[in-house]
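See structure below.
2 protein chains.
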Amino acid sequence: MKTLTELQTLIQKAIEQLSYPAQPPDLYEPISYILSIGGKRLRPALLLMACDIFGGDVNKAVKAALAIEVFHNFTLMHDDIMDKAPLRRGKATVHEHWNQNVAILSGDAMMVEANKLMLQVDDRILRPVMDIFNNTATGVCEGQQFDMSFESRDHVSAKEYINMIRLKTAVLLGGALKIGALIGGANEKDANLIYTFGEQLGIAFQLQDDVLDVYGDPDKFGKQVGGDIISNKKTYLLIKAQELARAGTAGELQKWLNNPKADSRKKVAAVTGIYNQLNIREQAKQAIQSYAGKAFTALNEIDLPVTQKQYLNAFADSLMVRDY
Amino acid sequence: MKTLTELQTLIQKAIEQLSYPAQPPDLYEPISYILSIGGKRLRPALLLMACDIFGGDVNKAVKAALAIEVFHNFTLMHDDIMDKAPLRRGKATVHEHWNQNVAILSGDAMMVEANKLMLQVDDRILRPVMDIFNNTATGVCEGQQFDMSFESRDHVSAKEYINMIRLKTAVLLGGALKIGALIGGANEKDANLIYTFGEQLGIAFQLQDDVLDVYGDPDKFGKQVGGDIISNKKTYLLIKAQELARAGTAGELQKWLNNPKADSRKKVAAVTGIYNQLNIREQAKQAIQSYAGKAFTALNEIDLPVTQKQYLNAFADSLMVRDY
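Below, the structure written as structure tokens:
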């Protein structure tokens with residue numbers, strides 16, 4: 000059995016060995032560029048881990064793992080255009096470094112490359128793997144569209160928000176794990192359980208991200224505290240607060256949301272105060288524990304010795320922060 | 000055997016029956032919208048025709064034909080963003096009707112839908128069909144990138160230009176025909192021949208388009224004569240003229256290209272005069288006949304009775320204009 004770190008190293012090396020044609024340079028150089036920017040390679044490493052724990056040969060899952068990483072980076076390239084993001088991990092985004100047309104077209108070509116990589120799985124599991132991959136891709140597109148449409152809406156329900164983060168982020172974790180499990184020889188039941196594990200853990204992780212933005216230790220998480228509050232981002236916290244606030248409090252919250260010139264520090268303090276008053280932090284924690292709980296339940300039900308499953312358990316534990 | 004018109008009707012009905020989820024509307028409505036704008040449905044109809052002439056059941060090829068049409072319309076949706084085109088067939092383009100982000104993301108989702116449709120072919124031919132489909136998709140992306148990069152280049156060779164139109168347009172015709180042939184039961188040799196037929200015919204057709212823009216009867220082709228000259232488009236005619244013009248003529252041609260304020264009618268007349276002087280029209284005609292000839296040679300070599308092949312022959316004849 001390989002550790003997560005070993006699998007991340009394995010996939011990193013495989014990414015470095017990917018090569019693309021020299022012509023046309025503006026189509027292929029951005030692909031190598033965005034893949035070189037890095038990231039933790041968690042999705043492909045999880046695919047390999049799922050293969051490994053079901054007794055499969057991880058070397059036979061590398062192409063599928065690369066497909067997941069290439070697909071993920073394609074979505075980043077297009078999302079960065081849509082979000083007008085100038086930087087990704089401290090480097091210029093593709094539409095900034097080249098231009099927008101290059102980022103659109105290179106992204107399209109990347110998606111084709113991801114498909115070519117995924118099609119290299121064995122005949123035995125070709126159809127189920129491609130079905131999972133395509134359904135995941137559809138989910139990610141739907142999630143991104145919901146996310147964009149929420150920005151211009153006044154009201155978003157907690158249920159809609161959870162569904163959005165599930166589609167935008169969690170289904171790809173679930174899909175990567177399920178594909179890895181199938182390559183490793185898992186039966187359908189266990190493959191579905193590991194999908195649920197990834198999906199529910201992904202939701203818990205995204206919700207935790209929302210909480211940490213407000214309540215996290217800035218030294219530990221390296222982010223500006225309250226960045227989401229400053230930008231009026233519709234997080235789980237804000238959505239819950241809008242749902243629960245009555246009369247005066249609701250008006251005060253709305254006043255901060257409607258004032259683009261508000262002093263950032265005062266706004267963060269005031270909105271955090273409202274969250275505290277409404278007990279939002281505790282409710283978010285309960286939601287996180289509920290989704291993480293569903294993930295661990297699914298993991299427990301997988302028909303494998305605990306010694307095999309400990310790797311996924313350890314991964315999940317490392318994702319979930321305890322001290323916030 | 001079905002005629003091209005019958006197959007176009009069949010595919011049109013199948014397109015009208017395609018349905019997508021209601022949510023999120025900004026992801027799926029643009030897909031239905033661009034597919035409803037129409038077009039001749041030539042690519043999917045050719046796929047069905049190839050299946051038909053090899054003795055296959057066209058009903059079993061409908062999903063693959065839809066995949067080709069959905070893929071083609073995805074490329075149109077993204078190309079329209081890159082070209083900043085306000086209209087397509089007289090209707091607002093998706094990025095104009097909605098916005099650019101919607102057009103990027105809907106296009107991405109369309110490509111996934113195209114993959115799902117294509118994956119519905121029989122197991123027997125699943126891998127070769129997906130390989131053709133993905134290689135075609137890569138070719139189309141490369142062609143579009145070459146086309147965009149040519150705009151900002153001073154010199155493009157005729158060879159580079161032919162390769163660009165081959166990738167951007169012709170490989171999809173070839174790919175559609177080859178996939179249809181495989182579904183119809185063609186052997187590899189015949190499938191490759193029908194690919195060559197489509198590819199070479201596609202090149203001939205695109206070159207003819209360049210000639211007709213300058214020398215076509217405006218009443219017949221419904222386009223402004225010389226539109227390509229006015230916009231300095233690097234067509235086969237311009238590239239050949241730049242290749243062949245010497246000293247004074249080259250300078251005069253460059254003068255027109257460098258003058259954005261030139262009177263359009265005068266510019267069209269002057270550049271056409273240069274083309275005439277250099278005998279460009281005849282050379283383009285020879286190139287067209289050469290590519291069309293390769294297409295017909297490949298068609299002749301296909302191991303099928305002439306009565307079966309007459310449908311493709313008739314289609315090719317209908318594409319190639321004689322009186323220019």
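Quick mapping for you: the protein sequence lines, in order, are chains A and B.
Here the first sequence is numbered in numbering that gives the first Met the number 0, starting from 0 and rising by one per residue.
Here the second sequence is numbered in numbering that gives the first Met the number 0, starting from 0 and rising by one per residue.
A virtual CB, placed ideally from N, CA and C, is assigned to each residue, including glycine.
Contact under 7 Å by Cβ, A175 (chain A) with R42 (chain A): yes
For the region 125-138 of chain A, which residues have a CB atom closer than 8 Å to at least one CB atom of chain B, in sequence order? L125, R126, M129, D130, N133, A136, T137
Would you list, in sequence order, the uninterrupted alpha helix (DSSP H) runs of no fewer than 4 residues that lie entirely inside the region 90-136 of chain A? 93-96, 99-117
Should I103 (chain A) be flagged as near chain B, meaning a C-beta pair shorter than 7 Å? yes
Is L303 (chain A) helix, strand or coil by DSSP? coil
Contact between the region 18-29 of chain B and the region 92-109 of chain B is defined here as three or more beta-carbon pairs at a separation below 8 Å; is this criterion met? yes
Write down the C-beta distance between C50 (chain A) and I131 (chain A) rounded to the nearest angstrom, noting that I regard them as a contact closer than 8 Å. About 14 Å; that fails the 8 Å criterion.
Using the C-alpha atoms, what's the distance from L303 (chain B) back to G184 (chain B)? 12 Å
Does the Cβ-Cβ distance between V93 (chain A) and G138 (chain A) come in under 7 Å? no
Beta-carbon separation (whole angstroms), G225 (chain A) vs V267 (chain A), contact threshold 8 Å: 3 Å
Presumed contact (8 Å Cβ cut-off) between A113 (chain A) and A66 (chain A), rounded CB distance: 5 Å
Using a Cβ cut-off of 7 Å (strictly closer), state whether K188 (chain B) contacts chain A. no
Just by C-beta distance, which residues in the region 82-112 of chain A are closer than 7 Å to chain B? N100, I103, L104, D107, A108, M110, V111
I'd like to know whether the C-beta of D25 (chain A) is nearer than 7 Å to at least one C-beta of chain B. yes
Is the beta carbon of F350 (chain B) sitting closer than 7 Å to the one on K233 (chain B)? Chain B is shown from 0 up to 323; residue 350 (chain B) falls before or after that span and cannot be answered.
Could you check where the alpha helix (DSSP H) with P259 (chain A) kicks off and where it finishes? Segment: none, P259 (chain A) is in no alpha helix (DSSP H) and carries neither H nor E.
Just the C-alpha distance for L125 (chain A) and Q119 (chain B), rounded to the nearest angstrom, thanks. 12 Å
Check for me: the alpha helix (DSSP H) holding N191 (chain B) runs from which residue to which? 187-214
Look up L86 (chain A) in the DSSP assignment and give the residues it is bridged to. A:A91
Proximal residues of chain A, C-beta to C-beta of N114 (chain B) below 7 Å: N114, N133
Quick one: does H71 (chain A) have its CB under 7 Å from some CB of chain B? no
Quick one: is E281 (chain A) buried, meaning 16 or more other Cβ sit within 10 Å of its Cβ, or exposed? exposed
How long is the line joining the alpha carbons of K192 (chain A) and I301 (chain A), rounded to whole angstroms? In the sequence as presented, Lys is not what sits at residue 192 (chain A); that position holds Leu. Distance between the alpha carbons of L192 (chain A) and I301 (chain A) is about 6 Å.
Can you round the beta-carbon distance between M117 (chain B) and A63 (chain B) to whole angstroms, since I take them to be within the 8 Å contact cut? 6 Å
C140 (chain A) CB to nearest chain B CB: under 7 Å? yes
On the DSSP letters alone, give me the boundaries of the alpha helix (DSSP H) that G184 (chain A) sits inside. Run containing G184 (chain A): none; DSSP gives neither H nor E here.
State the CB to CB distance for the pair A324 (chain B) and F196 (chain B), rounded to an integer number of angstroms; the pair is presumed to be in contact (CB under 8 Å). Beyond the ends of chain B as shown, which are 0 and 323, falls residue 324 (chain B); an answer cannot be given.
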